[in-house]
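Enquirer: Converting from the sequence shown to this note's numbering requires adding 42 to each position, the first position being numbered 1. Glycine is no exception: its CB is placed at the ideal position from the N, C-alpha and C atoms. Keep in mind the model is a prediction, meaning the values are calculated, not measured. Before I ask anything, here is the structure I am working with.
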Amino acid sequence: MKKYETTFVLDSTLDNESIEREIKKVSDIIVNAGGSILKLERWGVKRFAYPIARRQQGFYTYILFEGSPKTPPELEKVYKLNEACLRYLTVVYSGEEKPNLPEKSPEVPAASK
43 MKKYETTFVL DSTLDNESIE REIKKVSDII VNAGGSILKL ERWGVKRFAY PIARRQQGFY
103 TYILFEGSPK TPPELEKVYK LNEACLRYLT VVYSGEEKPN LPEKSPEVPA ASK
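Here it is in structure tokens:
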């Protein structure tokens, strides 16, 4: 099984109960497809850089999960049919790799005159 991460933005005008119901719906799809949720983060309401569907803000949720390659297309179907979901993105998890930075050379003190 591969690791995936999905982030989706829900309409911020939904009440807390509805938001939790939508998050549970996505979680259930992952689990019912034989996957497991490794991390679920509710990032909360954030302001958009530009209006989306005449909304100025949305409720962001991030899920890191392990699942079969069939799970992301299933999630995409649910996101597309859900009017409360304004934006979404699911990608293969690349891990917490750090970029290859050049090693720092030891600092040499400036020569005094």
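Using the C-alpha atoms, what's the distance from residue 125 back to residue 75?
Expert: Translated into positions along the sequence shown, residue 75 becomes position 33. Translated into positions along the sequence shown, residue 125 becomes position 83. Using only the alpha carbons, I get a separation of about 23 Å.
Enquirer: According to the Cβ coordinates, are residue 108 and residue 46 closer than 9 Å?
Expert: Mapped onto the sequence shown, residue 108 falls at position 66. Mapped onto the sequence shown, residue 46 falls at position 4. Yes, they are a contact pair.
Enquirer: Would you report the Cα separation of residue 115 and residue 122, rounded to the nearest angstrom?
Expert: In the sequence shown, residue 115 corresponds to position 73, counting from 1. In the sequence shown, residue 122 corresponds to position 80, counting from 1. Cα-Cα distance, rounded: 11 Å.
Enquirer: Measuring only the C-alpha atoms, how far is residue 53 from residue 134?
Expert: Here residue 53 corresponds to residue number 11 of the sequence shown, with the count starting at 1. Here residue 134 corresponds to residue number 92 of the sequence shown, with the count starting at 1. Residue 53 and residue 134: Cα-Cα distance of roughly 25 Å.
Enquirer: Does DSSP put residue 125 in a helix, in a strand, or in coil?
Expert: Translated into the one-based positions of the sequence shown, residue 125 becomes position 83. In this structure, residue 125 counts as coil in the three-state DSSP scheme.
Enquirer: By DSSP's criteria, residue 68 is part of a beta bridge. Which residues make up the other side?
Expert: Position 26 of the sequence shown, counting from 1, holds the residue named residue 68. Answer is none; residue 68 lacks a bridge partner.
Enquirer: So, with DSSP's three-state summary, where would you put residue 63?
Expert: Taking the sequence shown and counting its residues from 1, the one referred to as residue 63 is at position 21. Residue 63: helix per DSSP, three-state reduction.
Enquirer: Can you check DSSP and say which residues form a bridge with residue 44?
Expert: For this step, residue 44 is matched to residue 2 along the sequence shown. BP columns for residue 44 point to 109.
Enquirer: Count the other C-beta atoms from every protein chain shown that fall within 10 angstroms of the C-beta of residue 64, then say buried if there are 16 or more, exposed otherwise.
Expert: Here residue 64 corresponds to residue number 22 of the sequence shown, with the count starting at 1. Residue 64 should be labelled buried.
Enquirer: By the DSSP assignment, the beta strand (DSSP E) with residue 92 in it spans what residues?
Expert: As a working note, residue 92 is residue 50 in the sequence shown. Segment 78-94, the beta strand (DSSP E) holding residue 92.
Enquirer: Among the candidates 71, 128, 132, whose CA atom is the shortest distance from the CA of residue 56?
Expert: Within the sequence shown, numbered from 1, the residue matching residue 56 stands at position 14. Looking at the Cα atoms, 128 is the closest of the given residues.
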